[in-house]
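Asker: Pasting in a structure now, in structure tokens, and then I'll have a few things to ask.
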Amino acid sequence: MDISVQAQTLNLLKNLQLRFYLSFIFITNDLSVVQHIADKIVVMFLGKFVEEGTIDEVFNNPSHPYARALLSTRPTFDPNS
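This is the structure:
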């Protein structure tokens, strides 16, 4: 999906979620989508839940080795480089 179409779709889903108190289940490996749309996250490894929590909890302090490895693949932006 084109990035601008993806952003529009995610914004629409977020607005519908807030307006109608909806819940969604997303299964994705796109961490930017997860960070934008989710309140809570569950990390699966080999078909089992290995970590769950709020976005801040899991993204900032992952406890399971697989969650740490997964989150370490996120691109980082350093404005000083």
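Residue 1 is where the sequence shown starts when you use the numbering used here, and the numbers rise one by one after that. Even glycine gets a Cβ: it sits at the ideal position worked out from N, Cα and C.
1. Across which residues does DSSP place residue 51 in a beta bridge pair?
2. Could you name the residues of the same chain whose beta carbon sits closer than 8 Å to that of residue 36, not counting the 5 residues immediately before and after it, in chain order?
3. Which first and last residues belong to the alpha helix (DSSP H) in which residue 102 is found?
4. Using the Cβ count rule (16 or more neighbours within 10 Å means buried), how would you classify residue 62?
5. For residue 33 versus residue 8, is the C-beta spacing smaller than 9 Å?
Answerer: Taking the coordinates as given:
1. Residue 51 pairs with 43.
2. Closer than 8 Å at the Cβ level, and outside the excluded window around residue 36, lie 10, 14.
3. Look at the range of the chain in this structure, 1 to 81, and you will see that residue 102 is not part of it.
4. The residue in question, residue 62, is buried, as its Cβ has 16 or more Cβ neighbours within 10 Å.
5. In this structure, residue 8 does not lie closer than 9 Å to residue 33 by Cβ.
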